[in-house]
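>
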Amino acid sequence: MLAEIITIGDEILIGQIVDTNSAFIAHQLNNAGISVKQISSVSDDREHILTALNEAAGRADVILITGGLGPTKDDITKKTLASYFGVGLIENKEALENVQRIFKRIRGEDAVMLDVNKQQALVPENCEVILNKNGTAPGMWFNHQGKIYVSMPGVPFEMMYMIEEEVIPKLKATLKLPFIIHKTILTAGEGESYLANRIADIEDDLPSDVKLAYLPKLGQVRLRLSAYGEDEAKLQQKVDEFAARIIERVKNVVIAEEDIPFEKVILNILADKDQTLSIAESCTGGYISHLFTQHPGASKVFLGGAISYSYELKESMLGVKTETLAQYGAVSEQTVTEMVEGALHTFRSDYALAVTGIAGPDGGTEDKPVGTVWIGVAKQGKTQVKKFTFGNKRTQNIERSAISALFMLNNLIKDSEK
Numbered sequence: 050m051l052a053e054i055i056t057i058g059d060e061i062l063i064g065q066i067v068d069t070n071s072a073f074i075a076h077q078l079n080n081a082g083i084s085v086k087q088i089s090s091v092s093d094d095r096e097h098i099l100t101a102l103n104e105a106a107g108r109a110d111v112i113l114i115t116g117g118l119g120p121t122k123d124d125i126t127k128k129t130l131a132s133y134f135g136v137g138l139i140e141n142k143e144a145l146e147n148v149q150r151i152f153k154r155i156r157g158e159d160a161v162m163l164d165v166n167k168q169q170a171l172v173p174e175n176c177e178v179i180l181n182k183n184g185t186a187p188g189m190w191f192n193h194q195g196k197i198y199v200s201m202p203g204v205p206f207e208m209m210y211m212i213e214e215e216v217i218p219k220l221k222a223t224l225k226l227p228f229i230i231h232k233t234i235l236t237a238g239e240g241e242s243y244l245a246n247r248i249a250d251i252e253d254d255l256p257s258d259v260k261l262a263y264l265p266k267l268g269q270v271r272l273r274l275s276a277y278g279e280d281e282a283k284l285q286q287k288v289d290e291f292a293a294r295i296i297e298r299v300k301n302v303v304i305a306e307e308d309i310p311f312e313k314v315i316l317n318i319l320a321d322k323d324q325t326l327s328i329a330e331s332c333t334g335g336y337i338s339h340l341f342t343q344h345p346g347a348s349k350v351f352l353g354g355a356i357s358y359s360y361e362l363k364e365s366m367l368g369v370k371t372e373t374l375a376q377y378g379a380v381s382e383q384t385v386t387e388m389v390e391g392a393l394h395t396f397r398s399d400y401a402l403a404v405t406g407i408a409g410p411d412g413g414t415e416d417k418p419v420g421t422v423w424i425g426v427a428k429q430g431k432t433q434v435k436k437f438t439f440g441n442k443r444t445q446n447i448e449r450s451a452i453s454a455l456f457m458l459n460n461l462i463k464d465s466e467k
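One point on numbering: in my numbering, the residue at position 391 of the sequence shown is 440, and numbering is uninterrupted.
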């Protein structure tokens, strides 16, 4: 069963927004056992949309469309779909009631709804309406010449609800789909090519219904095993068997045996041990603290942090000595050592990490070029620091610093378990 995704909107093509909808839809379809073979983005232009629909129909069984369902003149998806299917537009009672409900909730009971808002309830007469619980634009389901077409709003949180709660369940009920089993192994500290070389013989042993994907991202590689077929139990057995072989082979770099972020792995470990963490950041500007605090339950582990850009705050918040900064500078082994030990003392945490460096693109010197970063991790009685030299891209330097800090902290925690 093949699917294609079409996103509609000039704002995507001019780079004003990033198309996150396609990634979310593709992930949901893949989990349901439907393969996505192509993703297209087209402008708010009738002929371009019609061309995209015709081409998709020649390649896919399921065509999912997002965007162009708003109340303004440039939102032409409904009219174009009606033209494509050779039907007219009609007012749908349930869709109108939903528009009225949403309008009153946002504008108040006494607000007068404009005609342009009522037009949101107009839909092609051959569609099955998918009510939008989070907005006024309804989704639309079409069966046409053996193909399924689904049109959804482009607003991400509206689309996400619709795809998860309405579209995927309906596709599963309508189509005979294969079982799909995924198993993800998170690794860090070793590159994709090195991992591939270490497990080459295991990969060669994979049967035709089991695939291995390498998903690298800044110091991490996710190894994802996927199996498709009719016998769920046999598929699970195969995936478990090969996952166990891979984990045993590369266990020195395995961070988690599930698809979760690195920082969440650390949160889980420390939460299980009833232990705490504090963070002192300079060049990363709070980014590492953000990684932790975006997860529910982080407060059980993460006590707090200091974003100490200036010399004065390094001294007052973390106890870095004035003479240390004067002699060695902010970006140095001595300063990061005092930062991480200061965080450990100030916040009274079980573990601490600290980062100081030159994120760039300016601020570097001959001795300390842009991309120079010192990272420290500590627990009571043990401190480890390390110097890194990254590139000259600010965002990448911040992200690389964060991943390197997580890797050092994870190793310190693991060493403490021995």
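By construction, the Cβ of each residue, glycine as well, lies at the ideal position given by its N, Cα and C atoms.
If we ignore side chains and look at the alpha-carbon of each, how far apart do residue 463 and residue 323 end up?
Each residue's alpha carbon lies about 15 Å from the other.
> For residue 357, which of 342, 450, 349, 388 has the nearest alpha-carbon?
Per the Cα distances, 388.
> Is residue 133 helix, strand or coil by DSSP?
In this structure, residue 133 counts as helix in the three-state DSSP scheme.
> Hey, how far is the Cα of residue 180 from the Cα of residue 97?
Going by the C-alpha atoms only, they are around 27 Å apart.
> Give, in chain order, every unbroken run of the beta strand (DSSP E) that is at least 3 residues long and sits entirely within the stretch 353-391.
Qualifying beta strand (DSSP E) stretches: none in this window.
> Give a yes or no on contact between the stretch 452-460 and the stretch 307-316, applying the rule of three or more CB pairs nearer than 8 Å.
Cβ pair count under 8 Å is three or more, so yes.
> For residue 188, I'd like the list of residues in its chain whose CB is within less than 6 Å of its CB, leaving aside the five on either flank, ordered along the chain.
Closer than 6 Å at the Cβ level, and outside the excluded window around residue 188, lie 179, 201, 211.
> Using only alpha-carbon positions, find the residue among 102, 412, 81 that is nearest to residue 90.
Among 102, 412, 81, the Cα nearest to that of residue 90 belongs to 102.
> Sorted by chain position, which residues of the same chain lie with C-beta nearer than 6 Å to residue 140's C-beta, five sequence neighbours on each side aside?
Cβ neighbours of residue 140 beyond the five flanking positions: 170, 171.
> Using DSSP bridges, identify the partner residues of residue 427.
Per DSSP, 401, 432.
> Per DSSP, what are the beta-bridge partners of residue 53 in this structure?
Answer is 87, 112.
> Does the stretch 352-371 come into contact with the stretch 390-408, if we say contact requires no fewer than three beta-carbon pairs (one atom in each stretch) closer than 8 Å?
Segments in contact, yes.
> Going residue by residue through the stretch 314-356, where are the continuous alpha helix (DSSP H) segments of at least 4 residues, counting only ones entirely within it?
If we require 4 residues or more, the alpha helix (DSSP H) runs fully inside the stretch 314-356 come out as 336-342.
> For residue 421, which option in 428, 407, 350 has the closest C-alpha, if you only look at C-alpha atoms?
Cα-wise, what sits closest to residue 421 is 407.
> Excluding the five sequence neighbours on either side, which residues of its own chain have a C-beta within less than 8 Å of the C-beta of residue 258, listed in chain order?
Within the same chain, residue 258 has close Cβ partners 276, 277, 278, 284, 287.
> Of the choices 175, 168, 67, whose alpha-carbon is the least far from that of residue 152?
For the residues 175, 168, 67, the minimum Cα distance to residue 152 belongs to 168.
> I'd like to confirm the pairing. Which residues does DSSP put opposite residue 229 in its beta bridges?
Residue 229 pairs with 277.
> Note down, in chain order, each residue of its chain lying with its Cβ closer than 6 Å to the Cβ of residue 106, except the 5 sequence neighbours on either side.
Once the five neighbours on either side are set aside, the close Cβ partners of residue 106 are 196.
> For residue 291, which residues in the same chain have their Cβ closer than 7 Å to its Cβ, ignoring the five residues on either side in sequence?
The answer, listed in chain order, is 251, 255, 259, 274.
> Since residue 265 is in the beta strand (DSSP E), which residue starts that stretch and which ends it?
Note, residue 265: beta strand (DSSP E), 259-266.
> With burial defined as no fewer than 16 other Cβ atoms inside 10 Å of the residue's Cβ, what is the status of residue 155: buried or exposed?
Answer is exposed; the Cβ neighbour count stays below 16.
> Would you call the stretch 331-346 in contact with the stretch 398-416, where contact means no fewer than 3 C-beta pairs closer than 8 Å?
The stretch 331-346 vs the stretch 398-416: in contact.
> Work out the CA separation of residue 271 and residue 235 for me, nearest whole Å.
Those two C-alpha atoms are separated by around 5 Å.
> Rounded to whole angstroms, what is the Cα-Cα separation between residue 468 and residue 351?
The question about residue 468 has no answer, for the chain in this structure spans 50 to 467.
> Residue 348: buried (16+ other C-beta within 10 angstroms of its C-beta) or exposed?
Residue 348 comes out exposed.
> Please classify residue 341 as buried or exposed, where buried requires at least 16 neighbouring CB atoms within 10 angstroms.
Residue 341 is buried by the Cβ-count criterion.
> What residue range does the beta strand (DSSP E) around residue 189 cover?
Unbroken beta strand (DSSP E) run through residue 189: 188-193.
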